[in-house]
Each structure stands twice: as C-alpha cells, then as structure tokens.
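Participant: Last residue of the sequence shown: 108 in full-length UniProt numbering, with the numbers rising by one and none dropped. Don't be surprised by glycine CBs; every beta carbon is placed ideally from N, CA and C. Before anything else, here's the structure in question.
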Amino acid sequence: MTFQTACLTDDLSPEEAMLVELDGVDGAPVPVALVRDADGDYHALSDICSHGQVSLSDGEVEGCLVECWLHGSQFDVRTGHPVQLPAIRPVPVYPVKIDSGKVLIDIG
C-alpha cells in the first residue's frame with residue numbers, strides 16, 4: 001500500500017467533508033471525499049456519486065452518512081454503500097490512517 005498525505009487532522013471538523021485530489025496509479029488525479037464522521041473518525045471514498053455524477057464532498061455529513069446534494073442519495077462513509085435512494089451502487093472506499101497529525105489515504 002502507498003499512502004498519500006491528504007491533509008492535517010486539524011483541517012477537518014467532525015461532520016465535515018472535503019475534496020482532496022490524490023495521484024492515481026497512472027498519475028492522473030483521483031478525486032476523493034475525505035469525511036470526518038460525528039465520532040471524529042476519518043473516512044475516504046470516491047468523491048463522485050454513483051447516481052448523479054456530482055461531488056459527494058459538497059454534501060452534508062450526518063453521523064456516518066454523507067448526502068449527495070443533487071438528488072439526496074446517502075452513503076455510509078465506512079462502507080461506501082448507499083442507504084438512501086436514488087443511488088443503488090456503492091462508491092469505492094479507501095484505507096485511511098493518521099500519522100503525526102496527518103491524514104493519509106491509500107487509493108492504490
């Protein structure tokens with residue numbers, strides 16, 4: 001696994017999301033929604049909604065769910081699975097670790 005620095009732990013408050021672009025395997029940027037849930041845990045998932053093709057990091061975070069702002073689909077940030085229609089396909093999730101105040105994500 002190759003972890004990349006996404007941000008500092010202080011950059012994101014509980015129940016917030018932000019867009020980070022990380023280097024993909026082919027060098028192309030990969031948009032990732034970095035989410036801090038209500039418990040303060042960090043999660044990373046594809047930033048692109050599987051239904052509406054819009055940015056999930058622009059949506060509201062409540063508990064362990066992020067809501068797509070366009071049609072209201074909700075995804076569990078721990079698994080990427082949709083829990084609210086109209087989305088029916090999950091989005092990819094990525095491993096996250098914290099090291100020395102940095103949030104690291106592996107998209108490989």
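Have a look at W69 and E60 and give me their C-alpha separation to the nearest angstrom.
Facilitator: Counted from its first residue, the sequence shown places residue 69 at position 69. Counted from its first residue, the sequence shown places residue 60 at position 60. C-alpha separation (whole angstroms): 7 angstroms.
Participant: With respect to the beta strand (DSSP E) encompassing P92, which residues constitute its N-terminal and C-terminal limits?
Facilitator: Indexing the sequence shown from 1 puts residue 92 at position 92. That residue, P92, is in no beta strand (DSSP E); it is neither H nor E in DSSP.
Participant: Could you tell me which residues DSSP puts in a beta bridge with S55?
Facilitator: By one-based count along the sequence shown, residue 55 stands at place 55. DSSP, once it has assigned bridges, lists I48 as partnering S55.
Participant: Over what stretch of residues does the beta strand (DSSP E) that includes V30 continue unbroken?
Facilitator: Sequence index remark: in the sequence shown, residue 30 carries index 30 (1-based). Taken as a continuous stretch (DSSP letters only), the beta strand (DSSP E) holding V30 covers 29-36.
Participant: Take the Cβ of Q74 as the centre, count every other Cβ of all protein chains shown within 10 Å, and call the residue buried at 16 or more, exposed below.
Facilitator: Stepping through the sequence shown from its first residue, residue 74 is reached at position 74. With 16 or more other Cβ atoms within 10 Å, it is buried.
Participant: Pull up the distance between the alpha-carbon of R36 and that of G52, whole angstroms please.
Facilitator: Taking the first residue of the sequence shown as position 1, residue 36 is located at position 36. Taking the first residue of the sequence shown as position 1, residue 52 is located at position 52. Distance between the alpha carbons of R36 and G52 is about 22 angstroms.
Participant: Between the C-alpha atoms of S50 and S100, what's the straight-line distance to the nearest angstrom?
Facilitator: For the purposes of this step, residue 50 is identified with residue 50 of the sequence shown, where counting begins at 1. For the purposes of this step, residue 100 is identified with residue 100 of the sequence shown, where counting begins at 1. When rounded, the distance between both Cα atoms is 33 angstroms.
Participant: My assumption, with CB atoms under 8 angstroms, is that V96 sits in contact with L104. Please give the rounded CB distance.
Facilitator: Residue numbering aside, residue 96 sits at position 96 when the sequence shown is read from its first letter. Residue numbering aside, residue 104 sits at position 104 when the sequence shown is read from its first letter. Going by Cβ atoms, the distance from V96 to L104 rounds to 7 angstroms, so yes, they are a contact pair.
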